[in-house]
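Participant:
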Amino acid sequence: MKPSLLLLAALAASPLAAHAADAPLPPEIENEQILGINKDPWHATLMPYADLHEALAANRRQSSYARSLNGPWKFHWVRRPEFRPVDFYKTTFDDSQWKTISVPTSWQTQGYGTPIYTNFTYPFKPDWPRVMGEPPKDWTAYSERNPVGSYRRTFTVPAQWDGRRIFLTFDGVDSAFYLWVNGKKVGYSLNSRNAAEFDVTPYLNRNASNTVAAEVYQYSSGSYLEDQDMWRLSGIFRNVTLWSAPVVHMRDFKIVTDLDSHYKNASLQVTVKAHNYGDAPAAARAMAVTLYDITGKPVAGARSVASVPVLPAHGEANVAVSIPVANPKKWTAETPNLYTTVISLQNGGTTQEIISSRTGFRKIELKGRLFEINGVPIKLKGANRHENWPDTGHYVSEEHMIKDIELLKQSNCNHVRTCHYSDDPHWYELCDQYGLYVLAEANVECHGYMHVLDHEPRYEKAIVDRNVANVENMKNHPSIVIWSLGNECGGGSNFVSALAAVKAIDPLRPVHYEPFDIGAKNPADIDSHMYTNPESTAQIAQDPAYTKPFYLCEYAHSMFNSMGSLGDYNDVFDKYPALLGGAIWEWEDQGLWNRRDPKHQYMAYGGGFGDKPNDQYFIHKGVVFSDRSHKPQFPEVKRAYQWIGMEAGDLSAGKVKIKNKYAFTNLSKFAPTWTITEDGKRIAGGKLPKVSLAPGAETTLQLPLVKFAPKPGALYLVNVAFALTKDELWAKAGYEIANGQFPIATAQTPAAPIAARASEPVKLAELPDRFEVNGNGFAVQFRRDTGTISSFKRAGVEMLQPGGGPALHLWRSQHRNDDNWAARGWDSAGLKNLQAKVLSMTARQAAPGAVRIVSTIHYTGNDFSVTHTASYTVYGNGAIAVDNAVSPQGRKITLARIGVRMLLNKGMGSLEYLARGPMENYSDRKRGSDIGRYASTVAEQMTPYSKPMDCGNHEDARWLALGGSGFPTLMAIADGGPLQFSALPYTDEEMTPAPYRVDLPVSSATVLCLATKTLGVGSNSCGPTPLPQYRVVSDPATFSYVLRLLPGQGDPGAVARMGVPQDRPKPVAASIAPNGDVVLTGDGKNIEYSLDGATWNPYTAPFSVSASTVLQIRSSEAGGQSVTGEFPVAAMVVRTRWTATASDFEPGEGDLGHLFDGDAGTFWHSRYSPTKASLPHWVVIDFHDALKIGAVQITPRADGSNGRPREYELYLSDNGTDWGEPVSKGDLPDTADRQTLKLSTPRTARYLKFVILSEHSGQDLGSLAEIGVQAPGQ
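In our numbering, the protein residues as written are 60 to 1333.
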C-alpha cells in the first residue's frame, strides 16, 4: 500500500525525524563548484567478465562480477532538509519502522511528495546556486522545501570476489546524493543523468553484511542545469550495481572504427586506460584485443597484442592497438551489423581481466551540407525521447525501453534524440542492436536562466563536466552519430568551452547545439532550429549563405491532438539535400498515473497533483500515449517517414511509380502486394514479384489489374504495400513498412430525377408551430422556431435528442494547440453562444414523392454573424437531401469547421463508415489514414487524450451509418463531394470544461458532426499554426449531404450508391467584398436576388447595396423548382481605398496593409530587426474620404502578447497634420478580443492616428491585427 500524504507528513513530524530539526543543509548542495566527492572519473560504460563466454554475451548486469542492488530499500522521506534523520547512515540506526520503496523508481510515483511539472519555470525560488529560498506561498516548494529521501539496505560481497576492487555504481539519482557504506562516508554526487561510481573497497566488510545508505536531495545547484521539459521527480531512478574488478583494471577504453576511401576495408583502433589500484607497482603484462563476429567466431586476422608497462602504485597508462579488418559488414541504422571487441589483460599466460564491447564499423563525414554515413548521404527522421513511465516516473525498465525502440522502428523512425540528458546506458546498447541513429545530448538545460548561466563563469565547470561525462560514458556506441551540448541555455562562452572539450575527446563525430543558431557564427558542425515552418525550412536549404547541414532538432509538436503537416515537412526534407531531417517533439506523452484517490484516477498532466507552478497540458506531447499505445499520430509518422516513395502513374494501365528512399537497403528485402477495393471492400489483389531496386533508384511497378464492372457511385481505390519478408528484432515477417493508396477513375451514373419518385409518396402537413412530413414508415418534424428538424422517427422510434436536429456548428472543444490563436477568435467572436434568429421558413410539396422545407437562420455574435440557409428535400423512401449555404459576415476569423451538428439518441452507438481511418485524422494529418470501410462504436471514437477535447474526426467521408439495438440505422451520405465527420458520446460544451476523462458526465447523446471542411491540427502549442491550405476561413460555403434510413438488413455501401436526384435547386451563399459589393456563390444554375421581395434581378456580377436590408436570394432549376434564402446586409465602411503610414514596421511579417485586410490572423508589427525600434509606435490611417465616426475598433494580435497595446492614445484629423487632443486614451486589456473605443461625441474625420505608449510584454514593441471604424449608432 502506498503511503498517503497525511501519513508522510506525520512521519516527517515523528520523534524519529524531529531530533534532527536543526540539521543544517550540507554545504555542497548549494555549491556549483563541487560536482562530486570521491567519485571515480568519467569513463566508458563497461563491465569485467569472468570468461570469454560472458564477454561475448556482453550483458553487463549478468556478469559474474556484478550484483544488482535493485529491489526493496528502506526509505524515509521529509519535506525539508532540517527534518531529515541525520544519523540514519549509522550501522546501529533502527530503521524497523521505515517503509520500503522499490529501487529504481521516482519516489513521487510511490506516494512520497508531489510530482511537479513545469516546462522551464524552476519549481523552487530561482536564486542560483541556492535552492532553499522562500517561494510564493501557493507553490509546492513552499511546504516541500527541498525534500530529502533517505535510503538504506544491506548486501554481502561474494566470496569469489576476494582480492578484487569493489565498486558501487548508481546509474541515475535525482538530483544530488551522499553515500555511506557501513557508517563511513564514501562521497557525494551531482549530475542526475550520468553514472556515479564509487570505489567502496576500503569501506566493506568482506565476510559479513554491509549497509549502504544514500541521502538524496530533490534540489541542488545542479538543478539549475536540469531544467528540462519534464516532471520534476526525485530519487534513485536507475539501476544500482555492485561490481568488482582486479587490482590492475582496464578503467576505460575507447573504440574507433574507420573505413578506407572506398568504404570497404576498415581499421579497428582500441585505446585502453589500465589503472593500478594497488599500493605497490604492478608488473608489465599484455593486452590482447580480438574481434568476434555475430556468431561468436573470431574474425580472421583481427587480433592484436600490446604491452602494458609497469604501473606504479595508483598509476595508469594508455595502451593502444590498431587492427586492419578486411571488408567487415558495416553498421547503419538499416543494417545494424555488430561485432564484439574483446579486450583482455594477461600476465604469464593467465587472463586477469576481460571486458568487451559491441562494435559497429561505420564512418561519419560532413561533405559540404551533406551528412554521410559510409559515404552515403543520410536523412534523419525520428523523434525526441524523454525517459518516462506512468507508474515509475523517470525509471524505464528494459522491457519498456525495448517497447519504445520496437515502436520507433515500426513507425519508420531511423533516429532518436536523447532529450535533454544522457539516457540510461542500456538505451544506447539497444540503439546499437536495433539500429537507430542517435543524437546524444548532454544533461544540460537552464531554460529558466536562458542567456544567463550559458556565460556565467561559475557554471562553466559544471557545463563542461556534463558534456565530458556524456561523451566519455557513451563514446563507444556506433549508434551515436552526433553529440549535442545541451538544450535551451543560450550560446554563451561556457558552451564554446564545452564544444572544445567534446572535440578534444572525440574529433570525429559532429557536434550540434541549437542555441548557437545557424550560419557563419555557429561554431558547431550542424545548423539547427526548432519549429521552423516548412516554407522557411526550404528557404534555408536553398540559401547559399549557409554551408552546413540543417537539422530541425524539434518540430511537429505533438501535444494532444496535433502534429499537423508532418508529411509536408518530410516532402521538404526529401527535396533538398542540405536538409538533414528532424526529430518530432516528442516520442511519448509524459503522463503519470494519479491513483491517490482510488475513486478518481487519471493520467495526470501539470497541476494534476496540485503542483504549483505548473504548465498544465504541455507534458502530453507524444506520438504514442504514456503507456505506449498508439496515438493517431503514430500512423501518420509511419506513412510520412516511410522509406519507399509512391505516386500514381497511369493507373488505368496499372502503373505506380516507386522510389527507394533507403540509403543502404535494396527493395528486394520486402514483399510487395496490391489490392483494389470497392467502397472499402477488397475485390481484387495479390502478391507482386519482388522489386530489386537499389537505394535512391526509381522505377514503375506494373500491377496485374483485373477487369471489373464498376458500380455506379462506387469508390475504387488501389493500394500498393511492402512488408517484411522475415522476422526482424522489432517486427515479425509480414509487418507492413510502406503503403500507398490511389483512386481509380470510373464513370458515374446519375440518380433518377425527382419526377421519377412519384411511386413513393410523401405527405406534408403545415401546423402553427411546425411542419410534419410523413412517408412509408417514417415521420419528420420541423419546428418553425428553430428552423430545423425536431423529430425523426422510424416505426415510432425517435432518433433525435430534444433540440438535436442539424444546426450550424463552427467551433470545437479546442485541441490546446488552438488556444494561442484560433480559439481566441472563437471566443472573441462569440461562436460558442451565437444568438439564432429564424429569418424565414417555407414548406412545399415539390413533387408527389418529395417535400421541400427551406429555412434561413441568422446567427449573431460579437462583430461576427453568419447566415445559414438549409434546404431539406424529404423523399418518400425516407431520404432527406440537405443542401446548405453558409454566409459569414463581419471579421475574418479562422473557424474550426463549416458544418452542422446533430444530437442523436445515445443508444445509436454502433458506427460503420467509408472514410479515412481507422484512427482519427484531420486535413493536415491524414496521410497515414487510408480510406476504407471501418466498423467501430461511438465510445471507441473518443480518442483517449487525458484532457477531453474535440477528436474522432474522419476526413474524406463518403458515408457513415449509426444504429443500435432497438434503433433504426441512420446514414449520413456525402453528396457532391466528400465530407468530414465525427461521432462522439460528448458535445464540445461537455468536453471543454472537463479536466480529465474521468470528469466527463454520463453521455446523453451520440453527437454527430458533418462538415464540408475541418481545421487542421497544426502544432501551435509550440510551433506553426496549420498551413494556409489546412485552415478554415470564415468565407461563404455550400455543401450537401443526405440523411437516409437503412432498410432492414441492407448494406450501407449499396444504399449510399443509390444516390438522390440532382435536379433539386440548392441555396446560394453570399458575402460582402472589401469594396462593399455583394458576391453570390452556389451550385444553382439560375440565381436571382431581390432587395424588396417583389422585383427579382438575375445575378450576373457582384452588385452594391446602398442601405442596410435583408437580401432575398433565389436559385432555381429547369422545371421551376427553386430555393429562396435570405441574407442580411448591413451598411458598411468600405476600406479598399484606405492607406497607412507608421512610425516603423517589420517588413514581411508586420506590413501595414494587414491593419485592414479583414484577417485577424495577420498583423502590423513594429520593427524588431536588425535593430528594435523604440516606443512609442504609431500608425496613421488615411480613409481618403471624410467619415462620420462614432467608435473605433482595435483588434490586437491573436497569437501572443508581444506588441499588444496597453497604454494608448487615439487621434482624429481632417488634414493629417493637426491632431489636437486625443479623442480616446487609456489602458487596453491583454487580450486578443476586439476592443471598441467609443467616442464621447461623434466626429467626422479623414485621418486616424493610433499611438502605442506601452505594451503588455514589457518590451519596445507594438502590433495590431485590425483597425476599423463604426458609424454613430451602429
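Heads up, the beta-carbon is just placed ideally off N, CA and C, and yes, glycines get one too.
Can you tell me which of E647, Q598, P574 puts its alpha carbon nearest to the alpha carbon of C612?
Facilitator: P574
Participant: Determine the direct distance from the alpha carbon of V367 to that of V378, and round the result to whole angstroms.
Facilitator: 6 Å
Participant: Is Y124 near S303, with beta carbons less than 7 Å apart?
Facilitator: yes
Participant: What is the DSSP secondary structure of A71, counted as helix, strand or coil?
Facilitator: With a pLDDT of 40 at A71, under the threshold of 50, the predicted position of this residue should be treated as unreliable, and no value is reported.
Participant: From K98 to D258, what does the alpha carbon distance come to, in whole angstroms?
Facilitator: Spanning the two alpha carbons is a distance of roughly 8 Å.
Participant: Please look up how many angstroms separate the CB atoms of K422 and D565, rounded, as I've assumed it's under 8 Å.
Facilitator: About 14 Å separates the two Cβ atoms, so there is no contact after all.
Participant: Could you give the residue range of the alpha helix (DSSP H) that holds W486?
Facilitator: 484-493
Participant: What number of angstroms, rounded off, separates the C-alpha of I96 from the C-alpha of D483?
Facilitator: Those two C-alpha atoms are separated by around 22 Å.
Participant: For H917, which of helix, strand or coil comes out of DSSP?
Facilitator: strand
Participant: When the Cβ atoms of the segment 458-471 are set against those of the segment 682-693, are three or more pairs found closer than 8 Å?
Facilitator: yes
Participant: Quick one: what does DSSP say W390 is sitting in, helix, strand or coil?
Facilitator: strand
Participant: Just to confirm the assignment, what range does the beta strand (DSSP E) spanning E1147 have?
Facilitator: 1145-1149
Participant: P1085: which of A1129, T953, A1160 sits nearest, CA to CA?
Facilitator: T953
Participant: Taking the alpha carbon of V750 as the reference point, which residue from D221, K740, P731 has its own alpha carbon closest?
Facilitator: V750 has its Cα closest to that of P731, out of D221, K740, P731.
Participant: So within the segment 1266-1313, which uninterrupted beta strand (DSSP E) runs reach at least 3 residues, ignoring any that extend past its ends?
Facilitator: 1266-1272, 1283-1286, 1294-1311
Participant: Going along the chain, which residues of its own chain have a beta-carbon closer than 7 Å to the beta-carbon of E1208, five neighbours each way excluded?
Facilitator: H1224
Participant: Between the alpha carbons of G1112 and L1029, how many angstroms are there, rounded?
Facilitator: 13 Å
Participant: In this structure, does DSSP put P436 in helix, strand or coil?
Facilitator: strand
Participant: For T1295, collect the residues of the same chain with a Cβ closer than 6 Å to its Cβ; drop the 5 residues on either side in sequence, then sort them by chain order.
Facilitator: Same-chain partners within the cutoff: A1250, Q1252.
Participant: Which of helix, strand or coil does DSSP assign to F1242?
Facilitator: strand
Participant: Count the CB pairs spanning the segment 995-1002 and the segment 955-975 that are closer than 8 Å, and state whether there are at least three.
Facilitator: yes
Participant: Run through the segment 994-1075 for me and flag every whole beta strand (DSSP E) of 3 or more residues, listed as ranges in chain order.
Facilitator: 1013-1016, 1018-1023, 1026-1033, 1038-1043, 1065-1073
Participant: Out of A881, G862, D1319, Q405, which one is the CA nearest neighbour of R871?
Facilitator: A881
Participant: For T1073 versus A1096, is the C-beta distance shorter than 7 Å?
Facilitator: no
Participant: To the nearest whole angstrom, what separates the beta carbons of H334 and R310, a pair I think is in contact under 8 Å?
Facilitator: 4 Å
Participant: Determine the burial state of Y1267: buried for a count of at least 16 other Cβ atoms within 10 Å of its Cβ, exposed for fewer.
Facilitator: buried
Participant: Which runs of the beta strand (DSSP E) fall wholly inside the segment 618-676 and span at least 3 residues, in chain order?
Facilitator: Counting only runs of 3 or more, we get 638-643, 651-653, 661-663.
Participant: Would you mind giving the Cβ-Cβ distance between D983 and G884, rounded to the nearest angstrom? I have them listed as a contact below 8 Å.
Facilitator: The pair is not a contact, with the Cβ atoms about 18 Å apart (cut-off 8 Å).
Participant: Quick one: what does DSSP say F312 is sitting in, helix, strand or coil?
Facilitator: strand
Participant: Taking 8 Å as the limit between beta carbons, can you name the residues of its chain near L75, skipping five residues before and five after?
Facilitator: Residue confidence is low: L75 scores 38 on pLDDT, short of 50, so the model does not pin down where it sits. Its coordinate-derived value is still stated next. For L75, where only same-chain residues beyond five positions count, the Cβ hits under 8 Å are H135, P144, Q156.
Participant: Less than 6 Å between C-beta atoms, sequence neighbours within five positions excluded: which residues of the same chain meet that for L36?
Facilitator: No answer is possible for residue 36: the residues shown for the chain start at 60 and end at 1333.
Participant: Less than 8 Å between C-beta atoms, sequence neighbours within five positions excluded: which residues of the same chain meet that for G514?
Facilitator: In the sequence under discussion, the amino acid at residue 514 is His, which differs from the Gly named in the question. Cβ neighbours of H514 beyond the five flanking positions: G549, G551, S552, N553.
Participant: Is D602 buried or exposed, if buried means 16 or more other CB atoms sit within 10 Å of its CB?
Facilitator: exposed
Participant: Per DSSP, R741 forms a beta bridge with which residues?
Facilitator: T736
Participant: Go through the segment 339-393 residue by residue and report every complete run of the beta strand (DSSP E) that reaches 3 residues or more, in order.
Facilitator: 344-351, 357-367, 375-384
Participant: My assumption, with CB atoms under 8 Å, is that V832 sits in contact with L823. Please give the rounded CB distance.
Facilitator: Taking 8 Å as the upper bound for CB-CB distance, V832 and L823 are in contact here, some 6 Å apart.
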